[in-house]
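Enquirer:
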Amino acid sequence: MPAVELARRGGDLEIKAFAGAGKTSTLQLVAESFGQRRGSYFAFNGGIAAAAVGRNKSVTSMVSA
Numbered sequence: 001m002p003a004v005e006l007a008r009r010g011g012d013l014e015i016k017a018f019a020g021a022g023k024t025s026t027l028q029l030v031a032e033s034f035g036q037r038r039g040s041y042f043a044f045n046g047g048i049a050a051a052a053v054g055r056n057k058s059v060t061s062m063v064s065a
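Per the UniProt record's numbering, residue 1 is the first one in the sequence shown, and the count goes up by one each step.
1. Less than 8 Å between C-beta atoms, sequence neighbours within five positions excluded: which residues of the same chain meet that for V4?
2. Which residues in the same chain as L13 place their Cβ atom closer than 8 Å to its Cβ, once the five residues preceding and following it in sequence are excluded?
3. Where A21 and G11 are concerned, what is the direct C-alpha to C-alpha distance, given to the nearest angstrom?
4. Residue range of the beta strand (DSSP E) that G39 falls in?
Put into structure tokens, the structure is as follows:
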């Protein structure tokens, strides 16, 4: 089932994939489908988290060490 449909069902959405698989692009699609609602993006790299926030201001960046 597509990630946007799963997100619309409610609850948490976790996307795990290898580098370059499109996780950030998928997050962008999910965020756009929810309009002005806010979400959190957890990443293991500060640069990647900052880039996600730069792409969509409705996303709050969180970096895990």
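Backbone N, C-alpha and C fix where the C-beta goes; we use that ideal spot for every residue, glycine too. Just so it is clear, the structure is predicted and the values come from calculations on it, not from any experiment.
Expert: So, to answer that:
1. Counted from its first residue, the sequence shown places residue 4 at position 4. Same-chain partners within the cutoff: L29, V30 and S33.
2. Along the sequence shown, one-based indexing puts residue 13 at 13. Hits under 8 Å: A3, L6, A7 and V30.
3. Translated into the one-based positions of the sequence shown, residue 21 becomes position 21. Translated into the one-based positions of the sequence shown, residue 11 becomes position 11. One Cα belongs to A21, the other to G11, and the distance between them is close to 23 Å.
4. In the sequence shown, residue 39 corresponds to position 39, counting from 1. From DSSP, the beta strand (DSSP E) with G39 extends over G39 to A43.
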